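2 protein chains.
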Amino acid sequence: MSVRFAFELLHADPSGARRGRVTTPRGLIETPAFMPVGTAATVKAMDPEDVRATGAAILLANTYHLFLRPGHETVARLGGLHAFMRWDGPILTDSGGYQVFSLSSLRKITEEGVAFRSHLDGSARFLSPEIAIRVQERLDADILMQLDECPPYPAERDYLARSMELSLRWGARCKSARFADGEDGRALFGIMQGGMDPDLRRVSAAGLIDIGFDGYALGGLSVGEPKPLMAEVLSYAPALLPRDKPRYLMGVGKPEDLVMAVGHGVDMFDCVLPTRNARNGQLFTRRGAINVKTARFREDPLPPDPQCGCATCRRFSLAYLHHLFRSREILGYRLMTIHNLHYYQDLMADMRQAIAQDRFAAFRQEFHAARDGEPM
Amino acid sequence: MSVRFAFELLHADPSGARRGRVTTPRGLIETPAFMPVGTAATVKAMDPEDVRATGAAILLANTYHLFLRPGHETVARLGGLHAFMRWDGPILTDSGGYQVFSLSSLRKITEEGVAFRSHLDGSARFLSPEIAIRVQERLDADILMQLDECPPYPAERDYLARSMELSLRWGARCKSARFADGEDGRALFGIMQGGMDPDLRRVSAAGLIDIGFDGYALGGLSVGEPKPLMAEVLSYAPALLPRDKPRYLMGVGKPEDLVMAVGHGVDMFDCVLPTRNARNGQLFTRRGAINVKTARFREDPLPPDPQCGCATCRRFSLAYLHHLFRSREILGYRLMTIHNLHYYQDLMADMRQAIAQDRFAAFRQEFHAARDGEPM
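Residue numbers (the working numbering), protein chains in the order written: chain A, 6 to 381; chain B, 6 to 381.
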């Protein structure tokens, strides 16, 4: 691979929102960008062609899940994640740390790494910074994430400080474990921690910059804290990170969260919300969220969002989706996921255009005004 | 609609296999034809575009399911089944009788019709020949089936005889209930009953021909009888039906059953096997059936059937399907259903070609020879 990972900041809107472009050997990513989550080497209910058709340029896969099943060596023998799941665009893999803390049992964290038991079969497993890098390389990811510890909310300041320092040391080890510093075309992102504490966030950012990464993630948000607290952290934390590198807010969020965070200079997002909520019948629309299972859609001949051009809205009525959902038909999960991911990609595209035209503040007002009549 | 339903017998192979063409206002059906089952206004796990891409020209929908949910009046208000589910080709609906006998509870059959309770909510429902026709017309079906009683196997001859006579009387009432004898472009098929008894089958066929239908179905097979018994009935029953009308074997079957029945002059089939078995991990291939969940496919880089041109075999490995199935990923059900329906359509196309070339007997030999090494 001769193309190396790069980020170009194309434009900064007066509001602070950024329009950028990430270059990877597997294609460009226009930012701000939303990455659909392909947990177990599939964006749930979606064909890779469906994902591409929503406008997604990159997707995220979960190292924890693939480490356990089918295993990174199996994926490597089958040609890597892109060949395995037939997604030829870039893939970002998380480090596995977050799921170790949220899904596994009998966790034991040491300086060396984290021992845990698989949530699938109870088998004893171990993840260290070096193993996390090795696994992500074997998966053939284009953007790798450092192993970190993601503290819950609330957490004691002492614990938050020790945990953040550990994550920094793990970040440095991840960088050392990387192959020839990115000559294989892959990027490595560091993850800022520090909870809701501005001082710890500052120390974390400075430490990460010292190590030097291809991009920087904001971790430890959307972990149960009140929404105003997340907004507060986002009001200062992105600016602590280098202006010339992509900033990635992990695991966030609702459409209004993305609009807020983009206004604070965030470039990349991932979240299970559009896919998971689709499978629960919730659809995101320009007028707000609706749920197809409500009785008022029983005979509604309109599509979920008449302004939407997705493969679902172009063809099917709310009445049909209501019927599929009530009948627990598999097609319903796919059609609703197609719509939600399309909505998210349209939202990102609209934000990119607004930033390029220096009218992000106006876009934000219009976005909220359209949702004033939000039906639920 | 100016096009009326018609059947043209294009060619009869020396073996007895028939090559024909059904004309409907919504398109042509080359026979022998296999109709995928779209139970609740969706072929399970499939997009209507997926179904079309497998080569299917017509699909079957279940009157019983749609009568209960969302209701035929709801479907009618939404523009009929084709608009509702976005399938613009012809649709055959069964009469609802079979599911009343297999799914509902507290059934009570009288001359007038059958009272039962919904398997969904226990509500009291009633189906008569006139109601079955009305429901199918409101669903906007292209081929309607008469209401009949489908006796189980084994059954007493007296019961079989009485039941067959009742089905004949119901068939006559269905014909009387039809709109202007097909001027709306729809066809009505009668259903031959009589169990495994040649005399009753003869009486049933003669009675149906007296009434006069646009096509004739062989009912009461694949209801639990030993396979040689089904083969025996098929060796004489199709020939009891008019040569110039389509013959439809209901609810059958495995690939080898289709090959056998085509050899006896059957023109149309429907069965849940390719779709249901796909969701259980069973794939039909030219070498026989395989199950993706078996461990030997864990790292198999080959597609399910290297000779298959379906959207699954063109893109995905057995290893990936194995992984999706073991992870219970929704995408797996769709990919496996795509393959199985494609296999069935390829099989029908191969049979149509063999019949046209007077080499159906040779085809049948090759079909069985290829499966000698059947792995399960």
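We put the beta carbon where it would ideally sit given N, CA and C, even for glycine.
If you're wondering where the values come from, they're calculated on a predicted model, not measured in any experiment.
Closer than 7 Å between beta carbons: that is the criterion. Which residues of the segment 49-63 of chain B meet it against chain A? LYS49, ALA50, MET51 and ASP52
If I follow the unbroken beta strand (DSSP E) through LYS113/B, where does it start and stop? By 1-based counting over the second sequence, the position of residue 113/B is 108. Counting along the chain, the beta strand (DSSP E) containing LYS113/B begins and ends at 110-114.
Would you mind reading off the limits of the beta strand (DSSP E) that contains MET273/A? Position 268 of the first sequence, counted from the first residue, corresponds to residue 273/A. Unbroken beta strand (DSSP E) run through MET273/A: 273-275.
Minimum Cβ-Cβ distance from PRO380/B to chain A less than 8 Å: For the purposes of this step, residue 380/B is taken as residue 375 along the second sequence, with counting starting at 1. Any answer about PRO380/B is weak, because its pLDDT of 47 lies below 50 and its placement is not dependable; what the coordinates show is given next. Taking Cβ atoms only, chain A never reaches closer than 8 Å to PRO380/B, which makes this a no.
Sort out for me which residues DSSP pairs ALA129/A with in a bridge. For the purposes of this step, residue 129/A is taken as residue 124 along the first sequence, with counting starting at 1. Note: ALA129/A sits in a beta bridge opposite ARG122/A.
Is there a Cβ from chain A that is less than 8 Å from the Cβ of PHE106/B? Residue numbering aside, residue 106/B sits at position 101 when the second sequence is read from its first letter. PHE106/B does not count as touching chain A.
Do ALA222/B and MET201/B have their C-beta atoms closer together than 8 Å? Within the second sequence, residue 222/B is the residue found at index 217, counting from 1. Within the second sequence, residue 201/B is the residue found at index 196, counting from 1. No, the pair does not count as a contact, with Cβ atoms beyond the cut-off.
Quick one: grab the DSSP three-state call for THR342/A. By one-based count along the first sequence, residue 342/A stands at place 337. In this structure, THR342/A counts as helix in the three-state DSSP scheme.
Closer than 7 Å, Cβ to Cβ, to anything on chain B: give me those residues from the segment 68-89 of chain A, in chain order. ARG74, PRO75, THR79, ARG82, LEU83 and PHE89
For the candidate residues HIS373/A, ILE136/A, ARG183/A and PRO53/A, whose alpha-carbon lies nearest to that of LEU352/A? Here residue 352/A corresponds to residue number 347 of the first sequence, with the count starting at 1. Per the Cα distances, HIS373/A.
So which residues of chain E does ALA46/B contact, with C-beta pairs closer than 9 Å? Considering every chain present, this structure includes no chain E. Its protein chains are A and B.
Neighbourhood of ARG357/B by C-beta distance below 8 Å, restricted to the same chain and skipping five residues each side: Mapped onto the second sequence, residue 357/B falls at position 352. So the qualifying residues of the chain are ARG24, GLU35, THR36 and PRO37.
Simplified DSSP state of PRO380/B, which is helix, strand or coil: To locate residue 380/B, count along the second sequence from 1; it is residue 375. A caution first: PRO380/B carries a pLDDT of 47, below 50, which makes its placement in the model unreliable, though a value can still be read off. It is coil, neither helix nor strand.
Note down the Cα distance separating GLY76/A from TYR338/A, rounded to an integer number of angstroms. Here residue 76/A refers to the residue found at position 71 of the first sequence. Here residue 338/A refers to the residue found at position 333 of the first sequence. Rounded to the nearest angstrom, the two C-alpha atoms are 27 Å apart.
Around the C-beta of PRO380/B, are 16 or more other C-beta atoms found within 10 angstroms, so that it is buried, or is it exposed? Numbered from 1 along the second sequence, position 375 holds the residue referred to as residue 380/B. Only weak support is given to the placement of PRO380/B: the predicted model assigns it a pLDDT of 47, under 50, and the value that follows is read from those uncertain coordinates. By the neighbour-count rule (16 or more Cβ atoms within 10 Å), PRO380/B is not buried but exposed.
What are the start and end residues of the alpha helix (DSSP H) that includes MET51/B? Counted from its first residue, the second sequence places residue 51/B at position 46. Unbroken run through MET51/B: none, as it is neither H nor E.
Could you please tell me which residues of the segment 285-307 of chain A, in chain order, have their CB closer than 8 Å to any CB of chain B? ARG303, GLU304 and PRO306
Relative to the ligand SAH, is the shortest distance from any of its heavy atoms to the C-beta of ARG57/A smaller than 7 Å? Only the bare structure without any ligand can be found here, which leaves the ligand SAH out of the picture.
So, does the CB of ARG339/A fall closer than 8 Å to a CB anywhere in chain B? Counting from one through the first sequence, the residue named residue 339/A turns up at place 334. Answer yes: the Cβ-Cβ gap between ARG339/A and chain B drops below 8 Å somewhere.
Closer than 8 Å to chain B by CB, SER322/A: Position 317 of the first sequence, counted from the start, is the residue given in the question as residue 322/A. Answer yes: the Cβ-Cβ gap between SER322/A and chain B drops below 8 Å somewhere.
Do we get a CB-CB distance below 8 Å when we pair ARG9/A with the residues of chain B? In the first sequence, counting from the first residue as 1, residue 9/A sits at position 4. With 8 Å as the cut-off, ARG9/A does not count as an interface residue toward chain B.
Using the Cα positions of GLY199/A and LYS113/A, report the straight-line distance between them to the nearest angstrom. One-based indexing of the first sequence puts residue 199/A at position 194. One-based indexing of the first sequence puts residue 113/A at position 108. About 20 Å.
Hey, how far is the Cα of LEU30/B from the Cα of THR28/A? Working through the second sequence from its first residue, we reach residue 30/B at position 25. Working through the first sequence from its first residue, we reach residue 28/A at position 23. Looking at the sequence shown, residue 30/B is not Leu but Pro. Roughly 53 Å separates the two Cα atoms.
Reduced DSSP category for TYR253/B - H, G, I as helix; E, B as strand; rest coil: Your numbering for residue 253/B matches position 248 in the second sequence. TYR253/B falls in the strand class under three-state DSSP.
Could you check the C-alpha separation between ALA359/A and ALA375/A for me, to the nearest Å? Within the first sequence, residue 359/A is the residue found at index 354, counting from 1. Within the first sequence, residue 375/A is the residue found at index 370, counting from 1. Cα-Cα distance, rounded: 16 Å.
Would the beta-carbon of LEU239/A fall within 8 Å of that of MET265/A? Within the first sequence, numbered from 1, the residue matching residue 239/A stands at position 234. Within the first sequence, numbered from 1, the residue matching residue 265/A stands at position 260. Yes, Cβ-Cβ distance for LEU239/A and MET265/A is below 8 Å.
Whose C-alpha, out of SER227/A, ARG174/A and TYR325/A, is nearest the C-alpha of PHE89/B? In the second sequence, counting from the first residue as 1, residue 89/B sits at position 84. The shortest C-alpha separation from PHE89/B is found at TYR325/A.
Which residues in the same chain have their Cβ closer than 7 Å to the Cβ of PRO306/B, if we skip the five residues on either side of it in sequence? Position 301 of the second sequence, counted from the start, is the residue given in the question as residue 306/B. Here the set comprises SER322 and ALA324.
Taking only beta-carbon atoms, is ARG162/A less than 8 Å away from chain B? Position 157 of the first sequence holds residue 162/A. So no, ARG162/A is outside the interface.
How long is the line joining the alpha carbons of ALA367/B and LEU64/B, rounded to whole angstroms? Along the second sequence, one-based indexing puts residue 367/B at 362. Along the second sequence, one-based indexing puts residue 64/B at 59. Using only the alpha carbons, I get a separation of about 29 Å.
Can you give me the C-alpha to C-alpha distance between ASP411/B and GLU142/B, rounded to a whole angstrom? Residue 411/B falls outside the range modelled here, since chain B spans only 6 to 381, and no answer is possible.
Can you give me the C-alpha to C-alpha distance between GLY195/B and LEU15/B, rounded to a whole angstrom? The residue given as residue 195/B occupies position 190 in the second sequence. The residue given as residue 15/B occupies position 10 in the second sequence. In a straight line, the C-alpha of GLY195/B is about 22 Å away from that of LEU15/B.
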